[in-house]
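Asker: Position in the sequence shown (first residue = 1) + 995 = the working numbering. The following block contains the structure, expressed as structure tokens.
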Amino acid sequence: MKTTSEGQVNILASKLEAKTGINLTLSGTIEQVDGLLHLKLRDSTLLRLSQEPLDVPTDFRRWQVIPSTDSTGEISSVKIVSSEQLSPQQTKKASEDKCDLVGRVVQLGKKGQFVRFKVQRPGEKTLKPTLLNPDPRMKEGQIWQISARLQGRSLRIEYAAPISGNALAS
């Protein structure tokens, strides 16, 4: 894992949707499995939709979603925020599934296996996503800027930078 510089933190934070504090984009299609709608990703991973949208596009798209994770860091369901149709060339070169968030560390797992964040969303329910591969410098109460990738059904931190909190030792 690499820690970004302060300049990158500001650029990354400005890309986040201010309303949510979290931005998870996944590429795939909506499919019905056992009577429930799921987002099927390129690697055939199925993520259950937490609410059924009224009009569901069936083509391959880039979806912006809000994840619900369990205590192990696995995504249990996703809520669709928006979608973007991809051209055939974009579909072939679809970017990796990624997540950017700004949140306060509320729990660190034993042996540094996971970290739970509190992500404020004014006017909406606060999220507490659990991610894998925390930065060893993380302490409860600190606010961090995170960039993570989806691996299977879990979000694994790739880049992390503190925004506030106690001074960090190198």
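Note that the Cβ used here is the ideal one computed from N, Cα and C, for glycine as well. Just so it is clear, the structure is predicted and the values come from calculations on it, not from any experiment.
1) Which residues mark the beginning and the end of the beta strand (DSSP E) in which residue 1081 is found?
2) Does at least one heavy atom of the ligand NAD sit under 7 Å from the Cβ of residue 1133?
3) What would DSSP say about residue 1030, mapped onto helix, strand or coil?
4) Among 1081, 1110, 1058, whose alpha-carbon lies nearest the alpha-carbon of residue 1064?
5) Given a cut-off of 8 Å, decide if residue 1093 and residue 1142 are closer than it, judged by their beta-carbon atoms.
6) DSSP on residue 1134, reduced to helix/strand/coil?
7) Just reading off the beta strand (DSSP E) that residue 1064 is part of, what are its end residues?
8) Spatial neighbours of residue 1033 within its chain, please: C-beta separation below 8 Å, excluding the five flanking residues on both sides.
9) Could you tell me whether the segment 1095-1102 touches the segment 1112-1131, where touching means 3 or more Cβ pairs closer than 8 Å?
10) Once DSSP output is grouped into helix, strand and coil, what is the label at residue 1167?
11) Going by C-alpha to C-alpha distance, which of 1049, 1139, 1124, 1031 sits closest to residue 1130?
12) Here's a check: name, in chain order, each residue in its chain whose Cβ is nearer than 6 Å to the Cβ of residue 1070, leaving out the five neighbours to either side.
13) What residues match up with residue 1047 in a beta bridge as DSSP calls it?
14) Between residue 1127 and residue 1151, which are expected to be in contact by the criterion C-beta below 8 Å, what is the C-beta distance as a whole number of angstroms?
15) Alpha carbon to alpha carbon, how far is residue 1080 from residue 1144? Give it in angstroms, no decimals.
16) If I follow the unbroken beta strand (DSSP E) through residue 1100, where does it start and stop?
17) What is the DSSP secondary structure of residue 1107, counted as helix, strand or coil?
Answerer: Quick answer:
1) Note, residue 1081: premise wrong, no beta strand (DSSP E); not H, not E.
2) As far as ligands go, the structure on display features none, and thus does not contain the ligand NAD.
3) In the three-state reduction of the DSSP assignment, residue 1030 falls in the coil class, being assigned neither a helical nor a strand state.
4) Nearest in C-alpha terms to residue 1064, of all of 1081, 1110, 1058, is 1110.
5) Yes, the Cβ-Cβ distance between residue 1142 and residue 1093 is below 8 Å.
6) In the three-state reduction of the DSSP assignment, residue 1134 falls in the coil class, being assigned neither a helical nor a strand state.
7) Residues 1056-1064.
8) Closer than 8 Å at Cβ, skipping near neighbours: 1025, 1026, 1027, 1041, 1042, 1043, 1044.
9) Contact holds: three or more Cβ-Cβ distances are below 8 Å.
10) With the chain running from 996 to 1165 in the structure shown, residue 1167 is simply not present.
11) Between residue 1130 and the set 1049, 1139, 1124, 1031, the nearest pair of CA atoms involves 1139.
12) The answer, listed in chain order, is 1042, 1062, 1064, 1148.
13) Answer is none; residue 1047 lacks a bridge partner.
14) That belief holds up - the Cβ atoms of residue 1127 and residue 1151 are roughly 5 Å apart, short of 8 Å.
15) Between residue 1144 and residue 1080, the C-alpha separation is close to 21 Å.
16) Under the DSSP assignment, residue 1100 falls in the beta strand (DSSP E) whose first and last residues are 1093-1103.
17) Shown here, residue 1107 sits in a helix according to DSSP, grouped into three states.
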